[in-house]
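Here's the structure, in structure tokens; my notes come after.
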Amino acid sequence: MKKLAYCLLVFISLVNNTIMAQSIESDNNPRNIIYINAGTLLVYNSVNLNYERSIWHSDNGFFKNYYLNLGAGIFSRNSGFAPGPNSKGIVSSLGLIALTGKSNGHFETGLGVSVNIETDITNDDPEEGFEKETFVLPNITIGYRYQEENAPMIRLGIDFPRGIYMGFGYGF
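Read in order, the letters of the sequence shown correspond to residues -21 to -1, 1 to 151 in mature numbering (1 follows the signal peptide of the UniProt record, and there is no 0).
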């Protein structure tokens, strides 16, 4: 019996396997982000509240993090210096954002769709001269983002239809 116990102890010592459970790798990118985004094309201005959720992370390839983006906000469009109708409305958007890099600074690009409900103001009389229109636009984003986990986030870039944009928020 002692010989069997000794042989078993030697066998277990020689065949030492390390069993590893889940490994969590922190890449300083939050799972959830809430931010306010403002953009302008001088005749088109918008302010949006956005929520992003991380849906995929990859260590390979150019893009490392992918986020699903949901947004809602308001916009106004005017005719500039020429006489013409002004409009305002609400916008909602759904898109996919891809980020490069593993550090805190990222190149970001995104594709999606936005639904605009626009009210044209064609007359100075508030009782008449309103025309409502709903239309769908593609949403294309290219920019820079600085973000850390459980910290403020800032983003700058160019977006269609928003134009030049800046956003501030918090990732958690």
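The beta-carbon is built from N, C-alpha and C at its ideal position, and this holds for glycine as well.
Asked	Found
Please name the residue in S66, R10 and G50 whose C-alpha comes closest to that of R56.	S66
Cutting at 8 Å between CB atoms, please list the residues of its own chain near G84, excluding the five before and the five after it.	Y123, R124 and Y125
For S37, which residues from the same chain have a beta carbon less than 7 Å from its beta carbon, with the 5 sequence-adjacent residues on both sides left out?	K43
To which residues of the same chain is G80 closer than 8 Å at the C-beta, ignoring the five residues directly before and after it?	K43 and F86
Taking C-beta to C-beta, are I15 and N48 nearer than 8 Å?	no
Cβ of F139 within 8 Å of Cβ of N118?	yes
A17 and M145: beta carbons closer than 8 Å?	yes
Please state the DSSP three-state secondary structure of K(-19).	helix
Nearest-angstrom Cα distance between G89 and F151?	21 Å
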